[in-house]
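In UniProt numbering, the protein residues as written are 1 to 185. Glycine included, every Cβ here is placed at the ideal spot set by N, Cα and C. As the structure is a prediction and not an experimental result, all values here were calculated from the model. Since the structure comes first, as structure tokens, the remarks are kept for the end.
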């Protein structure tokens with residue numbers, strides 16, 4: 001499996017059995033939905049894929065008079081092993097990722113340098129705003145007593161944003177001085 005949503009489902013089922021609606025609620029409540037893209041339909045599809053793979057199993061079906069029937073899933077031994085192996089691989093082994101911005105950078109020559117510089121200036125402002133929001137969130141979390149490992153994904157996101165911000169600022173400077181991106185090496 002290579003689906004981050006599947007990894008998140010396995011992680012939550014490590015804590016306790018639950019139904020997909022509750023899984024989605026926890027992703028939203030903890031802010032993990034900022035890092036794991038999903039919809040209600042994709043969540044149910046991933047749960048079914050994990051079930052068919054033998055990583056999770058139906059534990060029970062519960063019926064509340066106010067709600068429709070809900071199937072509660074539990075992690076299997078195979079699912080626990082898959083989760084741990086997957087996490088060890090993701091944390092320990094760097095991979096080439098394919099961010100959309102990298103694609104756009106590889107095609108920069110399709111736009112005029114002046115337009116690229118203007119678009120990058122806008123991106124730079126947005127990156128600066130996002131970094132400020134993450135710093136404010138980290139301060140709030142720390143003041144609220146939230147400790148590691150919960151904000152670590154935000155620390156990583158901030159480091160990536162700051163690196164991108166520095167890169168974009170240098171690229172804007174190069175373009176503004178009349179240079180081309182290939183000349184900054």
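Beta-carbon contacts of residue i that lie in its chain and below 6 Å, excluding the five residues immediately before and after
i, result
"residue 70", "19, 62"
"residue 123", "168"
"residue 78", "54, 55"
Pairwise C-alpha distance: residue j and residue i
i, j, result
"residue 135", "residue 164", "16 Å"
"residue 97", "residue 103", "11 Å"
"residue 75", "residue 92", "24 Å"
"residue 55", "residue 11", "12 Å"
"residue 17", "residue 167", "44 Å"
"residue 13", "residue 175", "50 Å"
"residue 216", "residue 27", "This structure does not reach residue 216, given that the chain is present from 1 up to 185, and the question cannot be answered."
"residue 21", "residue 153", "24 Å"
"residue 144", "residue 114", "45 Å"
"residue 39", "residue 51", "18 Å"
For residue i, three-class secondary structure by DSSP
i, result
"residue 130", "helix"
"residue 95", "coil"
"residue 111", "coil"
"residue 177", "coil"
"residue 102", "helix"
"residue 185", "Residue placement at residue 185 is poorly supported in this model, since its pLDDT is 42, which falls under 50; the coordinates still yield a value, given next. Looking at residue 185 - three-state DSSP - the assignment turns out to be coil, as it is neither helix nor strand."
"residue 2", "coil"
"residue 137", "helix"
Close beta carbons around residue i, own chain, < 7 Å, minus the five adjacent residues each side
i, result
"residue 87", "none"
"residue 116", "108, 175"
Own chain residues within Cβ distance below 8 Å of residue i, not counting five before or after
i, result
"residue 131", "158, 161, 162, 165"
Inside the UniProt domain "Transcription regulator PadR N-terminal" (9–85) only - alpha helix (DSSP H) runs reaching at least 4 residues:
Complete alpha helix (DSSP H) runs here, min 4: 20–29, 40–53.
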